[in-house]
Amino acid sequence: MGSNSLHVLKGINFNAEAGELVAIMGSSGSGKSTLLNILGMLDGADSGEYILDGVPIKDLSETKAAQYRNKFLGFVFQSFNLINYKSAMENVALPLYYQGVPRKERQEKALKYLERVGLREWATHLPSELSGGQKQRVAIARAMAAEPKVLLADEPTGALDSTTSYEVMDLIQKINDEGNTILVVTHEEDIAHMCKRIVHLKDGVIVEDKKVKQVRAEQYV
Amino acid sequence: MFRTFLTMLGVIFAMLILVLLLGSANGMSNGFDKIFAGTASNSLFVWGQSTSEPYKGFERGRRIRYKIDDARILKEQIPEIEVLAPRIELGNHRNVTTVYRKGQTSGSAVYGDFPEIDNITKKKLVEGRFLNNNDIKDSKKVCVIGEETYKLLFEKGENAIGEDIRINGVFFSVVGIYKPNNNINIDGENAVFIPFTTFQKAFNSGERMGWMAIAVEPNTKVAVVENQIKRILKAKYDIHPDDERAIGSFDMSEIFNNISAFTNVLKGFSFFIGIFTLLAGIIAISNILLITVKERTKEIGVRRALGATPVVVKRQIVVEAIVLTAFAGLIGFAISVGILAGLNSLWGSGEDFPFVNPMVNIPQFGISFLLMVTFSVLIGLLPANKAIRVRPIEALREE
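Those protein sequences? They're chains A and B, same order as listed. When we follow numbering that gives the first Met the number 0, the leftmost residue of the first sequence carries the number 0, and every step to the right adds one. When we follow numbering that gives the first Met the number 0, the leftmost residue of the second sequence carries the number 0, and every step to the right adds one.
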């Protein structure tokens with residue numbers, strides 16, 4: 000923003016295979032959110048290339064970016080970002096709406112994904128009637144609904160207590176078990192160890208990239 | 000919600016003003032139409048006055064008296080004349096003659112007329128019939144009297160049809176009673192009409208003719224025919240060509256044109272005021288949408304992260320502007336139509352006041368609504384563009 004550009008990321012070479020569950024760690028200001036925003040096509044990189052499933056992502060118009068986001072990516076935010084005047088089901092169906100899926104099919108799919116996160120009976124409830132953990136599960140269902148190639152979770156447990164955090168991580172692990180690629184940005188060590196690979200960022204460069212033995216969240220639930 | 004409703008009030012009131020003004024202007028226009036109903040708008044009246052210029056050895060101040068033959072000559076020479084109804088009055092113009100019946104009297108104007116006069120100034124008959132061609136052909140001693148004359152000569156509720164009244168010692172049988180038009184009154188309040196031919200015989204008027212009522216073809220200007228008539232009459236009666244006073248005439252169409260110009264200006268003005276008030280109302284809606292967009296920045300960011308393209312976001316906000324405006328407009332329209340209907344039942348009879356059926360017509364409503372929706376689209380683009388100017392990432396950061 001503005002004329003003073005600030006280089007947050009200073010050369011990142013990063014590759015994720017399909018089916019991976021990667022934790023991106025780092026203190027605040029390390030550039031982990033910026034990386035996620037570039038991966039999420041919410042922000043553009045000044046230089047370098049980004050290839051998603053063989054498709055080069057470069058110089059996208061707003062419209063194209065929106066279409067790619069819709070098709071390739073699912074977002075899970077720290078503050079859930081559910082639309083507060085829409086029911087859980089309507090929130091989950093939203094990405095499908097932007098894909099032009101007919102109403103009935105949309106609702107069926109939304110219910111299916113709510114079922115998977117265990118909130119089918121909450122379908123007609125507004126976000127204000129749900130607990131934090133439930134909200135995040137609805138958000139995960141929403142991110143999954145369009146069947147994206149990659150799930151990007153930005154501090155998904157940042158606003159939750161530890162028990163609820165583990166529940167959410169358990170869900171993320173199960174989704175990953177089904178073969179979905181997931182990137183989780185977090186600064187919590189225990190959450191990171193529930194992933195299969197940890198990438199450490201510091202001052203805009205990757206300082207460590209290691210595979211870890213996954214800690215199952217199930218045992219804490 | 001409440002805030003949005005308050006903003007909608009602007010459009011509601013604007014629509015109210017627009018429809019009420021337009022409806023009232025229409026009501027007034029209809030009211031005038033009702034007043035003139037039965038009067039041929041494209042018509043004129045011609046009568047004789049006194050010369051103001053000496054000419055061909057005649058002194059000035061000579062009285063012009065027409066002959067019944069003039070009517071035939073004018074009709075023959077001017078094809079644009081549709082109807083020409085000669086008339087003669089007993090005595091001088093607006094003189095009254097005493098009419099008797101069983102000891103009751105009435106000071107009435109007495110006219111000898113042709114049935115054609117009914118095509119120029121329609122008589123609203125309360126009872127019986129107007130003069131017809133048989134009355135003329137057989138010089139029947141019949142008459143049509145005004146309501147006022149009836150009141151003076153008959154008891155309340157008494158049957159008048161078939162009864163005799165006496166004018167200058169001659170008896171006439173009443174065949175009809177008419178109600179005078181209060182707004183255009185050419186014949187006076189209290190009048191008796193008898194067939195022209197009967198008049199000639201009964202009052203010994205010979206070939207004389209008092210004045211003429213003339214209806215002109217719809218596509219011809221009355222003034223053109225008026226000039227032709229004057230030229231022919233001036234030549235026939237040796238009147239100086241520049242004498243403006245010898246022939247009296249009155250062009251009815253002028254009044255109609257003035258009135259329709261007046262009501263048209265009124266309608267145009269109403270529309271102008273209404274549309275600009277509406278514009279102000281819609282700008283208020285746009286303003287509230289700008290605020291709403293600001294408040295919903297985060298939601299818009301989420302939607303865009305989930306795949307809403309700029310066009311979709313824009314469309315959502317423009318549609319909101321249209322829906323708000325159209326909804327408010329319809330409310331305003333419904334209220335104002337109700338008010339107009341109320342006004343109509345209060346004063347809509349148009350008896351004392353030219354105000355009949357005040358309502359907007361379909362084209363007026365259509366144009367207003369179309370303009371309103373167009374404005375709302377154009378003005379809705381303002382908040383819509385603001386919504387997509389914020390990049391999704393900034394929108395998401397917003398707390």
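Ideal Cβ placement from N, Cα and C applies to all residues, glycine included.
Asked	Found
Specify the secondary structure class of Thr162 (chain A) as computed by DSSP and reduced to three states.	helix
Residues in its own chain within less than 6 Å of Ala386 (chain B) by CB, not counting five upstream and five downstream?	Val292, Ile299, Val312, Ile316
Counting only beta-carbon atoms, is Val406 (chain B) nearer than 8 Å to chain A?	Missing from the structure shown is residue 406 (chain B); chain B here goes from 0 to 398 and no further.
In whole angstroms, give me the CA-to-CA distance for Phe4 (chain B) and Ile284 (chain B).	10 Å
Beta-carbon of Leu159 (chain A) versus every beta-carbon of chain B: anything under 8 Å?	no
May I ask you to report which of helix, strand or coil DSSP gives Gly26 (chain B)?	helix
Since Ala394 (chain B) sits in a beta bridge, which residues does DSSP pair it with?	DSSP, once it has assigned bridges, lists no residue as partnering Ala394 (chain B).
Based on the DSSP secondary-structure assignment, which residues constitute the bridge partners of Arg241 (chain A)?	Because residue 241 (chain A) is not part of the residues shown, which for chain A are 0 to 220, the question remains open.
Give me the DSSP bridge partner(s) of Ile50 (chain A).	A:Pro55
If you reduce the DSSP assignment to three classes, tell me which class Gln103 (chain B) lands in.	strand
On the DSSP letters alone, give me the boundaries of the beta strand (DSSP E) that Pro94 (chain A) sits inside.	First-last for Pro94 (chain A): 87-97, but that is the alpha helix (DSSP H), not the beta strand (DSSP E).
Taking Leu289 (chain B) and Leu381 (chain B) to be in contact with their CB atoms under 8 Å, please state how far apart those CB atoms are, rounded to whole angstroms.	7 Å
Does any CB atom of chain B fall closer than 8 Å to the CB of Pro94 (chain A)?	yes
What number of angstroms, rounded off, separates the C-alpha of Phe13 (chain A) from the C-alpha of Arg196 (chain A)?	12 Å
Buried or exposed: which applies to Glu146 (chain A), given that a residue is buried once 16 or more other Cβ atoms fall within 10 Å of its Cβ?	exposed
If we cut at 8 Å on Cβ distances, does Ala333 (chain B) have a partner in chain A?	no
Just to make sure I have the definition right: I need the residues of chain B whose C-beta is within less than 7 Å of the C-beta of Leu113 (chain A). Which are they?	The premise fails here: Leu113 (chain A) is roughly 16 Å from chain B at the closest Cβ pair, so nothing lies under 7 Å.
Determine, using beta-carbon pairs with one atom in the region 155-168 of chain A and one in the region 121-135 of chain A, whether at least three such pairs fall under 8 Å.	yes
Using the three-state DSSP reduction, which class does Asp42 (chain A) fall into: helix, strand or coil?	coil
Using a Cβ-Cβ distance cut-off of 8 Å, determine whether Gly1 (chain A) contacts chain B.	Because Gly1 (chain A) carries a pLDDT of 45, less than 50, the predicted location of this residue cannot be relied on, and no value is offered for it.
Distance check for Asn226 (chain B) and Tyr236 (chain B), CA to CA, integer angstroms please.	15 Å
Mind listing, in chain order, the continuous alpha helix (DSSP H) runs of no fewer than 4 residues lying wholly within the region 344-392 of chain B?	361-388
Could you tell me the distance, in whole angstroms, from the CA atom of Ser299 (chain A) to the CA atom of Glu128 (chain A)?	Nothing about residue 299 (chain A) can be read from this structure; chain A reaches only from 0 to 220.
Check whether the Cβ atoms of Tyr112 (chain A) and Ala140 (chain A) lie closer than 8 Å to each other.	yes
Return yes when the Cβ of Pro55 (chain A) is within less than 8 Å of the Cβ of Glu61 (chain A), no when it is not.	no
Cutting at 6 Å between CB atoms, please list the residues of its own chain near Gly1 (chain A), excluding the five before and the five after it.	Reliability of the predicted coordinates at Gly1 (chain A) is poor, the pLDDT of 45 falling under 50, and no value is obtained from them.
Output the boundary residues of the alpha helix (DSSP H) element that contains Thr291 (chain B).	251-294
Check distances from the C-beta atoms of the region 288-299 of chain B to those of chain A and list, in chain order, the residues that come in under 9 Å.	Lys297, Glu298
In the structure shown, what three-state DSSP assignment does Glu81 (chain B) receive?	strand
So, does the CB of Ala65 (chain A) fall closer than 8 Å to a CB anywhere in chain B?	yes
Is it the case that the region 129-144 of chain B contacts the region 206-216 of chain B, given that we only count it when at least three CB pairs across the two stretches are under 8 Å?	no
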